[in-house]
Amino acid sequence: MKIVGLSGGIATGKSTASELIAGHGIAVVDCDVIAHEVVKPGRWAWRRVVAAFGNDILLDNGELNRDLLGRIVFNDPAARKKLNRATHLPVLLEMARQLLTHWMLCAHVVVVDMPLLFDIKAQGFFKPAVLVDCDEHTQLSRLMARDGSSQQDASARINSQMPLAQKRELADVCLDNSGSREELARQVAEVVAEWQKGRWRSWLTSPVTLVGGLAVAVSYFL
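Numbering (the working numbering), first residue to last: 1 to 222.
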């Protein structure tokens, strides 16, 4: 099983690329979905977040107040690191569980959609590590249109993330999403065809890589 890492920047079109990849019958493990699931009231990650930030970040129904939490961590690197330490380990363990399930079902290729793939230097655990990229003007315009935000606010959100230029240096493959959906779909079709080569050798060797990578990741977050 080939384990592909997929990442991008805000408003570069990672979700669109993930959707196109799934359209080729490729299994996708979505870390954003996992991150929402693991912080549901009462679950382990939820308890870790509450322990880190207190009950003030809870809504009346017990769910996390995501707007408040987002404001707390946006301009505070220490708070952001505290949140990451509370949530990343539960996310990684659920990701590993899903990957092992796909392996036992004899999946040939699985894509892990991970927003912070390059930020946490996890690209070495995936082959290839794919970046959904676009030019700066397109990224800014899309973010402003998507969120209805001002240029100043959109720029601040972009600048709070790891620069795309740094991610390009770390990526094995870059999908340029500066153009149309059709252009991105063509690039996706090309890389998917490449991933599906040598499928059985990848299926046999990938669990060793997965277990080793998970051990390193778990030791870091504990």
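We put the beta carbon where it would ideally sit given N, CA and C, even for glycine. None of these values were measured; they are calculated from a predicted model.
Tell whether a beta-carbon distance below 8 Å holds between V50 and D113. no
Count the other C-beta atoms from every protein chain shown that fall within 10 angstroms of the C-beta of P41, then say buried if there are 16 or more, exposed otherwise. exposed
Tell whether a beta-carbon distance below 8 Å holds between F126 and V4. yes
Within its chain, find whatever has a CB closer than 6 Å to the CB of I26; leave out the 5 residues flanking it on each side and keep chain order. V109, V111
Presumed contact (8 Å Cβ cut-off) between D172 and C134, rounded CB distance: Actually they do not touch by this definition, with Cβ atoms about 18 Å apart.
For C174, which three-state DSSP category applies? strand
Less than 8 Å between the CB atoms is what I'm expecting for A17 and L6, so what's the real figure, rounded? 7 Å
Quick check: the Cα distance between P90 and W44, rounded to an integer number of angstroms? 7 Å
Nearer than 7 Å: is that true of the beta carbon of L64 relative to any heavy atom of the ligand ZN? Within the structure as shown, the ligand ZN is missing, as the structure has no ligands at all.
Within this structure, are the beta carbons of I10 and R157 separated by less than 8 Å? yes
Beta-carbon separation of L117 and Q123 under 8 Å? yes
Using DSSP with H/G/I as helix, E/B as strand and the rest coil, what is Y220? Confidence is the limiting factor: at Y220 the pLDDT is only 49, short of 50, which leaves the residue's position unreliable and the question unanswerable from this model.
Taking the alpha helix (DSSP H) that V50 belongs to, which residues open and close that run? 44-53
Identified DSSP bridge partners for D30: D113
What number of angstroms, rounded off, separates the C-alpha of F53 from the C-alpha of W195? 42 Å
Measure the alpha-carbon distance for Q161 versus L20 and round it to whole angstroms. 25 Å
Could you give the first and the last residue of the continuous beta strand (DSSP E) run that contains D133? 129-133
Alpha carbon to alpha carbon, how far is L170 from A154? 25 Å
4 or more residues per run - each alpha helix (DSSP H) lying fully within the region 77-107: 77-104
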